[in-house]
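Participant:
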Amino acid sequence: MKHIISPMDMTVEEIENLLELASKMYANPEKYAHICEGKKLATCFYEPSTRTRLSFEAAMLNLGGKVLGFQSADSSSASKGETVADTIRVVSHYADICAMRHPKEGAPLVASQYSSIPIINAGDGGHNHPTQTLTDLLTMRQLKGRLNNLTIGLCGDLKFGRTVHSLIKAMSRYEGIRFILISPDELKVPTYIREEVLDACGIPYVEVSNLEENLPELDILYMTRVQRERFFNEEDYIRLKDTFILDKKKLAGAKEDMFILHPLPRINEIAVDVDDDPRAAYFRQAGFGVYARMALIATLLGVDKKVQ
Ligand code: CP
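For the sequence shown, our numbering assigns the number 1 to the initial residue and increments by one for each residue that follows.
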């Protein structure tokens with residue numbers, strides 16, 4: 001049994017196998033429509049979600065399995081004081097695999113230590129979001145045709161954005177990757193990401209505060225929202241929330257074959273006039289999330305070879 005708590009829980013080869021499987025599932029979903037028959041996915045979400053929870057559920061249903069779960073701490077016995085450890089001991093009797101989201105960093109890791117079924121981290125605080133990373137990698141692979149030799153601009157809240165932290169960790173293992181980290185001073189990537197990931201892997205990067213000036217260099221622009229729920233102070237959030245707004249006019253300086261990704265939800269950071277630009281890939285990206293999660297569920301349950 002394997003748990004996926006961080007993108008680093010998968011080797012580059014395992015990620016490549018998952019992405020290859022996800023591509024096959026995308027091309028021929030009917031071949032995989034029954035491989036999870038008799039299996040159940042529990043979605044234990046202690047924090048709000050639209051894409052991650054629904055795409056996990058869609059993924060399991062697409063594979064012929066069933067889903068059960070809760071969508072907030074308030075609607076579970078966590079509201080009565082039950083610990084994550086006790087909850088997962090119980091859920092292990094009800095399901096074959098569990099996707100867990102929690103506002104506290106490390107909660108899915110704790111769950112994995114008490115679980116008898118695979119745990120997938122569906123986002124823990126400002127820490128990791130490995131299935132968003134699989135989604136991002138699948139999107140880049142499908143649209144750009146490669147995961148190496150890319151200049152990637154990460155823009156917005158690089159301090160609290162768990163999708164950014166997970167993506168940097170995963171991409172730092174590919175060749176020819178260069179990051180342009182675009183954020184206000186207060187929302188720069190945490191020191192541990194700079195020192196333990198970027199510096200340790202020898203990845204070239206620059207930290208800048210201007211989006212327009214750096215746009216022409218990018219192969220991928222990964223926009224993120226400022227994470228209101230992680231701020232201690234509402235005034236700081238209000239001051240910083242609209243620092244970067246990508247609109248059609250700014251996009252004029254970007255490469256024709258650049259793609260714009262965003263884990264969503266979007267607030268103000270991408271104007272709606274960008275949505276019909278062929279480079280806007282964020283809604284396609286959300287769609288690829290279903291296939292990335294189908295591949296992960298099938299692999300962790302050991303049914304990935306049961307193709308019809
Ligand atoms: N990208 C993402 O995690 O979206 P949700 O919060 O809606 O799941």
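Note that CB positions come from ideal geometry on N, CA and C, so glycine has one too. Everything numeric in this text was worked out from a predicted model, so none of it was measured.
By the three-class DSSP mapping on this structure, what secondary structure does D185 have?
Facilitator: Residue numbering aside, residue 185 sits at position 185 when the sequence shown is read from its first letter. Three-state DSSP puts D185 in a helix.
Participant: Output the distance between the C-alpha atoms of T299 and Y192, rounded to the nearest integer angstrom.
Facilitator: Taking the first residue of the sequence shown as position 1, residue 299 is located at position 299. Taking the first residue of the sequence shown as position 1, residue 192 is located at position 192. Cα to Cα, T299 sits roughly 31 Å from Y192.
Participant: CB-CB under 7 Å to L143, same chain, minus the five flanking residues each way: which ones, in chain order?
Facilitator: Taking the sequence shown and counting its residues from 1, one reaches residue 143 at position 143. Hits under 7 Å: F259 and A281.
Participant: Any contact of the region 231-245 with the region 181-201, i.e. 3+ C-beta pairs under 8 Å?
Facilitator: Judged by Cβ distances under 8 Å, the region 231-245 makes contact with the region 181-201, as three or more pairs qualify.
Participant: Hey, which residues come within less than 5 Å of the ligand CP, measuring from Cβ to any heavy atom, in chain order?
Facilitator: Residues with a Cβ closer than 5 Å to any heavy atom of the ligand CP, in chain order: S49, T50, R51, T52 and P263.
Participant: How long is the line joining the alpha carbons of R101 and E235, rounded to whole angstroms?
Facilitator: On the sequence shown, residue 101 is found 101 positions in, with the first residue counted as 1. On the sequence shown, residue 235 is found 235 positions in, with the first residue counted as 1. Their backbone Cα atoms lie some 27 Å apart in a straight line.
Participant: Contact defined as beta carbons within less than 8 Å: I believe P204 pairs with R178. What is the distance between those atoms, to the nearest angstrom?
Facilitator: Against the sequence shown, residue 204 aligns to sequence position 204. Against the sequence shown, residue 178 aligns to sequence position 178. Sure, about 5 Å apart at Cβ, within 8 Å.
Participant: Whole angstroms is fine: what's the gap from Y26's alpha carbon to L147's?
Facilitator: Mapped onto the sequence shown, residue 26 falls at position 26. Mapped onto the sequence shown, residue 147 falls at position 147. Rounded to whole angstroms, Y26 to L147 spans 18 Å at the Cα level.
Participant: Report yes or no: do the region 282-293 and the region 249-263 share at least 3 C-beta pairs separated by less than 8 Å?
Facilitator: With a cut-off of 8 Å, the region 249-263 and the region 282-293 count as touching, because enough Cβ pairs lie within range.
Participant: Tell me where the beta strand (DSSP E) around M223 begins and ends.
Facilitator: By 1-based counting over the sequence shown, the position of residue 223 is 223. Its beta strand (DSSP E) spans residues I220 to M223.
Participant: Going by alpha carbons, who is nearest to T83 out of Y46, R51, M60 and L137?
Facilitator: For the purposes of this step, residue 83 is taken as residue 83 along the sequence shown, with counting starting at 1. Looking at the Cα atoms, Y46 is the closest of the given residues.
Participant: Have a look at K2 and P103 and give me their C-alpha separation to the nearest angstrom.
Facilitator: On the sequence shown, position 2 is the one that residue 2 refers to. On the sequence shown, position 103 is the one that residue 103 refers to. When rounded, the distance between both Cα atoms is 22 Å.
Participant: Check whether the Cβ of S75 lies closer than 8 Å to any Cβ atom in chain B.
Facilitator: Checking the listed chains, one finds no chain B in this structure; it contains a single protein chain.
Participant: Which residues share a DSSP beta bridge with Y94?
Facilitator: The residue you call residue 94 lines up with position 94 of the sequence shown. Note: Y94 sits in no beta bridge, so no partner.
Participant: Residues in its own chain within less than 8 Å of R141 by CB, not counting five upstream and five downstream?
Facilitator: What you label residue 141 is simply residue 141 of the sequence shown in a count that begins at 1. For R141, where only same-chain residues beyond five positions count, the Cβ hits under 8 Å are L19, S23 and L147.
Participant: Using a Cβ-Cβ cut-off of 7 Å (strictly less than) and excluding sequence neighbours within five positions of E207, which residues of its own chain qualify?
Facilitator: Here residue 207 corresponds to residue number 207 of the sequence shown, with the count starting at 1. Within the same chain, E207 has close Cβ partners L181 and K188.
Participant: To which residues of the same chain is S76 closer than 6 Å at the C-beta, ignoring the five residues directly before and after it?
Facilitator: Residue mapping note: residue 76 aligns to position 76 of the sequence shown, counting from 1. The answer, listed in chain order, is F70.
Participant: Could you name the residues of the same chain whose beta carbon sits closer than 7 Å to that of A58, not counting the 5 residues immediately before and after it, in chain order?
Facilitator: Reading the sequence shown from its first residue, position 58 is the one you call residue 58. Only V290 meet the Cβ criterion.
Participant: Helix, strand or coil, according to DSSP, for Y174 in the structure here?
Facilitator: Counted from its first residue, the sequence shown places residue 174 at position 174. Looking at Y174 - three-state DSSP - the assignment turns out to be coil, as it is neither helix nor strand.
Participant: So for M1, helix, strand or coil by DSSP?
Facilitator: Along the sequence shown, read from residue 1 onward, the residue named residue 1 stands at position 1. Looking at M1 - three-state DSSP - the assignment turns out to be coil, as it is neither helix nor strand.
Participant: What's the call for A99, buried or exposed, on a 16-neighbour Cβ count within 10 Å?
Facilitator: Along the sequence shown, one-based indexing puts residue 99 at 99. The residue is buried, with at least 16 neighbouring Cβ atoms inside 10 Å.
Participant: Pairs of beta-carbons, one from the region 26-40 and one from the region 271-278, closer than 8 Å: are there three or more?
Facilitator: Short answer: they don't touch.
Participant: Thinking K248 and D277 are a contact (beta carbons under 8 Å), I'd like their distance in whole angstroms, please.
Facilitator: Taking the sequence shown and counting its residues from 1, one reaches residue 248 at position 248. Taking the sequence shown and counting its residues from 1, one reaches residue 277 at position 277. K248 to D277, Cβ: 7 Å. Contact.
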